[in-house]
Amino acid sequence: MKGIWSRPIFGIALLSLVVLSCNLTSCGKKTAADAHDLLSINDLNQRSESSDGTSLFTSLPVEHTGVGFTNPLDTSHPMKRLYATGYAAGGVAIGDLNGDALPDLFFTSGPRENALYLQKKGGNLEFEEFAEAGVDGGDRWGTGAAMVDIDNDGDLDLYVCNYEAPNRLFLNDGKALFTERAQEFGLDVVSSCLMPTFADVDNDGDLDLFVLTNQFVREGGQPVDGVIYQGGAPTVKPEYRKYFDTRFVGTFEQGGKKFRRDEVYPVGQKNLFFLNKGVSGRDGQIVFEDFSDHCGDLCASPGKGLSATWWDFNADGLLDLYVGNDFEDPDHLYLNQGIGKSGSPVFKDVIKESVPHTTWYSMGADVADVNNDGLLDFFSVDMAATTHFKQKVSMGDMASRGWFMSTSEPRQLMRNALLINTGTGRFQDAAYMAGLAKSDWSWAPKLADFDNDGMVDVFISNGMARPFTASDIIKNRPLSELRIGRTDWDIFEKYPPQKEKNLAFVNRGNLSFEETSAAWGLDHEGMTYAAAYGDLDRDGDLDLVTVNLDEPVGIYRNDSADGNRILVELRGTRSNRFGIGALVKVETTDRREQVRQMNPATGFLSSNDPALHFGLGSAATITKLTVNWPSGMVQVFEDLEAGKIYTITEEDAQDPGEGDVPQSPSKPLF
């Protein structure tokens, strides 16, 4: 039978298990046997001694990693206007592309070509650019990318979003040689695409696609003749509605008379959803169908999207989606209601009845169980400054936004939101209580256990190409007027960049986080946008990769010598091959419980390595490990040792003859 494999760090070994499986109503247990030796203490010490001895992370130089990829700030580029938006720096995706069990790196770029770096053998975080891969993307302005096994053949493929150019689907041959197939799959969509996110929303075993969009940025900014008046109200001319719209923002009094106040603003675009219809019987081709207009609320509201995060927030076995939109476009929490009459999944926006408030400038987001209660919580970052001085010089003209602050529903507040899952369908915000409410101009939050103590920590990337909200620059005229004939980049190009320090917070328990950026060696000051994590050297702790504007990417090796740990890799048979959407729960001898959901695409323009990491602290044994697959299959394993990489294969069918199915209780539970 198919079951579970493990390999010790820096080695390969088979772990034999008694393998049984179950569905949602019954579950069998498996015990480990004949396990090979754990990673030796010497090996771990060697990793620790190679650090600078003062911090948890070591920033590796380009001379060591071989990764000199840079997203330049090219002021001569014809599309430089995109530097004023979330398109400024490309994304990052981590995953094993050539089947050597070591994660590789893929970066997208706007003004330059995309790049793929394969990790060299030895697991020492040394990489080599592989130009032969065929994924450079040409002269398209690349934005976000995701590594997923879209054709379920066992290797990771690449789907890349481009700004106002066809998106690209690169199919992997298993050796990191790719063939572009977006048009054949029906996925060569053209829009203001920012980030692709994949999920099996109907639990049929294959991956569906949600494409997050942002806005089109018109060269030359708002045209002088772009607005006409109909019935006393301004209206944008049809040829400019792709870029702008008008809205009523209040009234003003002049000469004893009241007048209507309207403004022209950059308009967000409609998101896209493609349902995987499986293999066509005619030619064996996988077919995606555009269901953007047939899935309830999911794509009904346009917006300037910056994050799209899949997670099963109500634990009903169906993946839901949180979409974070920039500025005054509202956020959305789409509840997956299952298959509708149209044959498509139906989603309902439940944001108003689920959260007390949202972030205003909703940037990146992530999901994790931050308080170890077995429920997945949600963290979204904003642009709230960490000091009083920075707060005052970077808030812009807030007085003109009074109409919005008093009418938005739910309320949008300019600070981070840490939404704690109560298990009731209603969330509570604990950002201030946890010490996570303010983090400067933030982009990618990453929730993960970086110090292996069994509690989820926080990393946040920061910085911006220019100070686009500087109060002293826009104090005399509102941006809506300054934009006439100019883009935001035209207005601010002559000013210096807004460099910020990246931030890290260690989880002290009881919803208390302590800022530890410098102590961990993660306080780089610059313009950092995307960030992704993965155990690049497979020593059991999470390394970090950051995408910086106008300087090489950052690669931070985690040198944690404390805390036991494991990695869990999933191989679906009834579910999608890498188990996206699967929920894994670990219980240890110290009675601590942890839960992770396989969802690599989190943060901002980031796709993490598709392997689940669990820090175990002092616990040396996992008493129980439970996998809830998207198909409904549940597998339970007992008495597993720390220091291993476990590869768990989903049972492709339940075997009713094993005799392990629990009998019905003698009396009713209720």
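Its first residue numbered -14, the sequence shown is counted upward by one per residue in our numbering.
No residue lacks a Cβ here, since even glycine has one placed at the ideal position from N, Cα and C.
Owing to the predicted nature of the structure, the values given are computational and were not obtained by experimental measurement.
- Distance from the Cα of D358 is smallest, within the candidate group A161, A350, G494, for G494.
- In the three-state reduction of the DSSP assignment, I135 falls in the coil class.
- Annotation: H509 is outside any beta strand (DSSP E) and is labelled neither H nor E by DSSP.
- For the 9 Å CB-CB criterion, W428 and V352 do not form a contact.
- The C-beta of S329 has 16 or more other C-beta atoms within 10 Å across all chains shown, which makes the residue buried.
- When beta bridges are read from the DSSP output, F364 appears opposite D351, L403.
- When DSSP states are grouped into helix, strand and coil, M449 belongs to the strand group.
- Contact between E274 and K262 is confirmed by a C-beta separation of about 5 Å, below the 8 Å threshold.
- Taking the C-beta atoms as reference points, A293 is found nearer than 9 Å to T182.
- With a cutoff of 9 Å on beta-carbon distance, F363 and L403 are scored as near each other.
- For L507, the CB contacts under 6 Å within the same chain, skipping 5 residues up- and downstream, are F42, N487, A489 in chain order.
- For the pair T574 and G525, the Cα-to-Cα distance works out to about 19 Å.
- Looking at the backbone, the Cα of I336 and that of C284 are separated by about 15 Å.
- Here V252 carries a coil assignment [DSSP, helix/strand/coil].
- For V209, there is no enclosing alpha helix (DSSP H), as DSSP gives it neither H nor E.
- Take I476, set aside five residues on each side of it, and the residues of its chain with a beta-carbon closer than 7 Å to its own are L467, in chain order.
- Classified as exposed, R226 has fewer than 16 neighbouring CB atoms from the shown chains inside 10 Å of its CB.
- L320 and A450 do not touch by the CB rule: their CB atoms are close to 36 Å apart, not below 8 Å.
- Between N401 and K423 the beta-carbon gap is near 7 Å, inside 8 Å, which marks them as a contact.
- Per the DSSP secondary-structure output, S177 pairs in a beta bridge with Y148.
- In the DSSP annotation of this structure, the continuous segment of the alpha helix (DSSP H) that includes A503 starts and ends at 502 to 505.
- With a 10 Å radius around the Cβ and a threshold of 16 neighbouring Cβ atoms, A419 comes out buried.
- The stretch 44 to 56 makes no contact with the stretch 123 to 141; the number of CB pairs closer than 8 Å stays below 3.
- Where Q322 is concerned, the enclosing beta strand (DSSP E) starts and stops at 317 to 324.
- Beta-carbon to beta-carbon, S339 and Q254 are separated by about 25 Å, too far to satisfy the 8 Å threshold.
- Here the C-alpha atom of Y631 lies approximately 57 Å from the C-alpha atom of P223.
- In the same chain as D282, and ignoring 5 residues on each side of it, the C-beta atoms closer than 8 Å to its own belong to H317, Y319, F332, K333, D334, in chain order.
- Relative to the Cα of N406, the nearest Cα in the group V355, F233, A605 belongs to V355.
- Secondary structure of E338 (DSSP, three-state): helix.
- Contact check for T231 against V212 passes: the beta carbons are separated by less than 9 Å.
- Residue state for S591 is assigned as strand, using DSSP reduced to three classes.
- Under the three-state reduction of DSSP output, D89 falls in the strand class.
- Nearest to A516 by C-alpha distance, out of S591, D522, N584, G557, is S591.
- In the DSSP annotation of this structure, the continuous segment of the beta strand (DSSP E) that includes S44 starts and ends at 42 to 44.
- Judged by DSSP secondary structure, T236 falls within the beta strand (DSSP E) whose first and last residues are 229 to 239.
- Annotated three-state conformation of E169 is helix, per DSSP.
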